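Chains as they are written, first to last, in my numbering: chain X, 1 to 140; chain C, 1001 to 1212.
Note that CB positions come from ideal geometry on N, CA and C, so glycine has one too.
These numbers come from a predicted model, not from an experiment.
As structure tokens, the structure follows; a few thoughts come after it.
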């Protein structure tokens, strides 16, 4: 279905030309630009210049990598992919070791916080002695 | 009056059905296929280096960042979800790397129009031939000359105009896709492209005057 073209001025047309040559206009705007270009020599010339400019930039080959680029990236990827499983294994093993270390350290720390056994024994003996002394004093 | 016909401008090459899509290659890569990675590399080597060059204006820096872009594609293959176009994801990675690099203030090179454009004084005539589609096809030497002149004119564009224009003309991206990659509005992209063309035209005029 043909879109209805609105009449536009030269200024409006120039404002839309860049979008027009990039095919970024809505159908209605595109029809308006084309209608204007068919009747205006100046804007037609401007459009042709802009299309020429677009062709110039599109003619650019871009920036090619050095001959070694692809090989170098592939080698890096392969190196990394070979390291990945072992790294994952190492990480898992490390995590396990860390966990064991952590548990052992915690137990050791708890053990370290306990008083030595002879102090406990002595305290027990003293407590029993004190008990009998109290009973003896009450009896006296 | 010139009309924007179907064949008036270069279009991106249509992909053949025999070639696996980018998304299929990414799926294979996620399963560990080195061949899939190599195919992606062959497909996007020059576009990604050119994309990075658009930001950096430095070939060596562009290659380094392109290499890192491909390595990130590899490392994130398992996490890749084809919700958006592969190229949008790919160039987004490249853009982030380039922007971060620029923030570090490295690899920047200012270009001056006073630098010699090349040995061929007829270079601008070649440019006119490209624009008008007239005359015989360019010889290898003429094409080489034209590439130098176009590169020089593109290099002279301000950063935001250069990156956007290259994405439009070289990568054949739609404004919407560029807006997503650069995280700016579509209207900002329109403005940048329009200004880039104005600047480029002026630059080519200056180059032309220098050649005479």
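Just by C-beta distance, which residues in the region 1025-1048 of chain C are closer than 8 angstroms to chain X? 1032, 1034, 1037, 1038, 1041, 1042, 1045, 1046 and 1047
Could you tell me the distance, in whole angstroms, from the CA atom of residue 1107 (chain C) to the CA atom of residue 82 (chain X)? To locate residue 1107 (chain C), count along the second chain from 1; it is residue 107. To locate residue 82 (chain X), count along the first chain from 1; it is residue 82. Only weak support is given to the placement of residue 1107 (chain C): the predicted model assigns it a pLDDT of 46, under 50, and the question is left unresolved by the model.
Contacting residues, own chain, Cβ-Cβ under 8 angstroms from residue 97 (chain X) (five flanking each side not counted): As a working mapping, residue 97 (chain X) is identified with position 97 in the first chain. Bear in mind that the predicted position of residue 97 (chain X) carries a pLDDT of just 47, short of 50, making it unreliable; the figure below should be weighed with that in mind. Closer than 8 angstroms at Cβ, skipping near neighbours: no residue.
Between C:1068, C:1206, C:1200 and C:1080, which has its C-alpha nearest residue 75 (chain X)'s C-alpha? Within the first chain, numbered from 1, the residue matching residue 75 (chain X) stands at position 75. When each option's Cα is compared against that of residue 75 (chain X), the closest is C:1068.
Determine the chain C residues that contact residue 24 (chain X) at a beta-carbon separation under 8 angstroms, and present them in chain order. Counted from its first residue, the first chain places residue 24 (chain X) at position 24. By Cβ distance, chain C contributes 1174, 1175 and 1190.
Roughly how many whole angstroms lie between the Cα atoms of residue 8 (chain X) and residue 47 (chain X)? On the first chain, position 8 is the one that residue 8 (chain X) refers to. On the first chain, position 47 is the one that residue 47 (chain X) refers to. Roughly 15 angstroms between the two C-alpha positions.
Which of the three DSSP states is assigned to residue 1034 (chain C) in this structure? By 1-based counting over the second chain, the position of residue 1034 (chain C) is 34. Note: residue 1034 (chain C) maps to helix in three-state DSSP.
Please classify residue 10 (chain X) as buried or exposed, where buried requires at least 16 neighbouring CB atoms within 10 angstroms. Numbered from its first residue, the first chain carries residue 10 (chain X) at position 10. Flag for residue 10 (chain X) reads exposed.
Where residue 1070 (chain C) falls, given that 16 or more other Cβ within 10 Å makes a residue buried: Here residue 1070 (chain C) refers to the residue found at position 70 of the second chain. With 16 or more Cβ atoms within 10 Å of its Cβ, residue 1070 (chain C) is classed as buried.
Mind listing the chain C neighbours of residue 70 (chain X)? Cutoff is C-beta to C-beta under 8 angstroms, in chain order. For the purposes of this step, residue 70 (chain X) is taken as the residue at position 70 of the first chain. Within 8 angstroms Cβ-Cβ: 1038, 1041, 1042 and 1045.
Verify the CB distance criterion: does residue 61 (chain X) have a CB-CB separation below 9 angstroms to chain C? Residue 61 (chain X) sits at position 61 when you count from the first residue of the first chain. Output row for residue 61 (chain X): interface = yes.
Taking Cβ-Cβ distances shorter than 8 angstroms, what residues in chain C pair up with residue 18 (chain X)? The count along the first chain starts at 1 and reaches residue 18 (chain X) at position 18. Scanning chain C for C-beta atoms nearer than 8 angstroms to the C-beta of residue 18 (chain X) yields 1190, 1193, 1194 and 1197, reported in chain order.
Tell me, please, whether the region 1020-1027 of chain C touches the region 1076-1095 of chain C by the rule of three or more beta-carbon pairs shorter than 8 angstroms. yes
Considering residue 981 (chain C), what are the terminal residues of the alpha helix (DSSP H) in which it resides? Any property of residue 981 (chain C) remains undetermined from this structure, which presents chain C solely from 1001 to 1212.
Taking the alpha helix (DSSP H) that residue 44 (chain X) belongs to, which residues open and close that run? The residue you call residue 44 (chain X) lines up with position 44 of the first chain. First-last of the alpha helix (DSSP H) with residue 44 (chain X): 41-59.
Among the residues of its own chain, which have a CB less than 6 angstroms from the CB of residue 1160 (chain C), if the five just before and after it don't count? Here residue 1160 (chain C) refers to the residue found at position 160 when the second chain is read from its first residue. Excluding sequence neighbours, residue 1160 (chain C) sits near 1192.
Answer yes or no: does any C-beta atom of chain C fall closer than 9 angstroms to that of residue 65 (chain X)? One-based indexing of the first chain puts residue 65 (chain X) at position 65. So, interface residue.
Listing by chain order, which chain C residues have their CB less than 8 angstroms from the CB of residue 76 (chain X)? One-based indexing of the first chain puts residue 76 (chain X) at position 76. Ordered by position in chain C, the residues that pass the 8 angstroms Cβ test against residue 76 (chain X) are 1067 and 1071.
Using three-state DSSP, classify residue 25 (chain X) as helix, strand or coil. The sequence position of residue 25 (chain X) within the first chain is 25, counting from 1. Looking at residue 25 (chain X) - three-state DSSP - the assignment turns out to be coil, as it is neither helix nor strand.
With contact counted as at least three CB pairs below 8 angstroms, one residue from each stretch, are the region 1089-1101 of chain C and the region 1179-1187 of chain C in contact? yes
What residues of chain X sit near residue 1187 (chain C), judged by a beta carbon separation below 8 angstroms? Counting from 1 along the second chain, the entry for residue 1187 (chain C) is found at position 187. Per Cβ cutoff of 8 angstroms: no residues; residue 1187 (chain C) is ~10 angstroms from chain X at best.
If you reduce the DSSP assignment to three classes, tell me which class residue 1061 (chain C) lands in. The count along the second chain starts at 1 and reaches residue 1061 (chain C) at position 61. Reduced to three states, the DSSP call for residue 1061 (chain C) is helix.
My understanding is that residue 14 (chain X) touches residue 43 (chain X), with C-beta atoms under 8 angstroms, so please give their C-beta distance in whole angstroms. The count along the first chain starts at 1 and reaches residue 14 (chain X) at position 14. The count along the first chain starts at 1 and reaches residue 43 (chain X) at position 43. Contact between residue 14 (chain X) and residue 43 (chain X) holds: CB atoms are separated by about 7 angstroms, below the 8 angstroms threshold.
Short of 8 angstroms in beta carbon distance, which residues of its chain neighbour residue 21 (chain X), apart from the five on each side in sequence? Order them along the chain. Residue numbering aside, residue 21 (chain X) sits at position 21 when the first chain is read from its first letter. The residues are 47, 50, 51 and 54.
Counting only the same chain and skipping the five closest in sequence on each side, list residues whose C-beta sits under 8 angstroms from that of residue 1153 (chain C). Within the second chain, residue 1153 (chain C) is the residue found at index 153, counting from 1. Within the same chain, residue 1153 (chain C) has close Cβ partners 1200, 1203, 1204 and 1207.
Are the region 55-67 of chain X and the region 1046-1054 of chain C touching by the rule of at least three beta carbon pairs closer than 8 angstroms? yes
For residue 56 (chain X), count neighbouring C-beta atoms within 10 Å of its own C-beta (all shown protein chains included) and say buried if the count is 16 or more, exposed if not. Counting from one through the first chain, the residue named residue 56 (chain X) turns up at place 56. Classification of residue 56 (chain X): buried, given that the 10 Å Cβ count is 16 or more.
By a C-beta neighbour count over all protein chains shown, 10 Å radius and 16 as the cutoff for buried, is residue 87 (chain X) buried or exposed? By one-based count along the first chain, residue 87 (chain X) stands at place 87. Here the model assigns residue 87 (chain X) a pLDDT of 49, short of 50, so the residue's position is not dependable, and the following value carries that caveat. Residue 87 (chain X) comes out exposed.
Distance cutoff 9 angstroms, beta carbons only. Does residue 1209 (chain C) sit that close to anything in chain X? The residue labelled residue 1209 (chain C) in the question sits at position 209 within the second chain. Chain X contact via Cβ: absent.
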